[in-house]
Amino acid sequence: MKIGIVMGSTSDWNVMKGAVDILESFGVEHEVKVLSAHRTPHQLEEWVKDLRQRGFASVIAGAGGAAHLAGVVAAFTTLPVIGVPVKGAAFEGMDSLLSMVQMPSGIPVAVVAVNGAKNAALLAIEIMAVTDQNLKDKMDSFRKEQAEKVLSSTLS
């Protein structure tokens, strides 16, 4: 299974690279695209419509501003879609966040924190780990390592 990552523009890469880094650290195959809900809607639909048949488990969609990308992706597929609101120049990312969390009933989009691409990747991995024991084991190890880091922290 693979994870799709789509962003509205190359300016989102600084944030979305965090998702790629996490997926690579877990050995999860992925595909990255730059497609806009507003500027390339037909190309976006073409990419999304056969993701399931191509072996994708979910899609991570990152966008700033009006941030309709995750919702448009969700309209074209029944795969889980995880939205990453990207902080733009205006409104500290609240515009993106609010655009994503206000999806109409019936077309769900899971949404992580502003600039939360790493958590989006972890959530996508957790979804895959429901049926993939290898990923479950890797996630268990990752969580254990996180706990150990906290417990070994000291303040000077």
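In terms of my numbering, the sequence shown opens at residue 32 and continues consecutively.
Ideal Cβ placement from N, Cα and C applies to all residues, glycine included.
What you are looking at is a predicted structure, and each value in this text was computed from that prediction instead of being measured.
| Item | Value |
| --- | --- |
| Start and end residues, alpha helix (DSSP H) containing E30 | For the chain, the structure presents residues 32 to 187; residue 30 sits outside this window and is missing. |
| Three-pair Cβ contact test at 8 Å for the region 51 to 66 versus the region 113 to 121 | no |
| D171, buried or exposed, once every other Cβ within 10 Å from all chains shown has been counted against 16 | exposed |
| Counted within 10 angstroms of its Cβ, other Cβ atoms place A155 as buried (16 or more) or exposed | buried |
| Classification of D52 by the beta-carbon crowding that lies within 10 angstroms, buried from 16 upward | exposed |
| Host alpha helix (DSSP H) of H73 (start-end) | 72 to 80 |
| Same chain, Cβ closer than 6 Å to A97, neighbours up to 5 away in sequence not counted | S130 |
| Coil, strand or helix - S67 by DSSP | coil |
| Alpha-carbon to alpha-carbon, G58 and A101 | 24 Å |
| Element boundaries [beta strand (DSSP E), containing A50] | Where A50 is concerned, there is no enclosing beta strand (DSSP E), although the alpha helix (DSSP H) it sits in stretches over 44 to 56. |
| Coarse secondary structure for A88, derived from DSSP in three states | strand |
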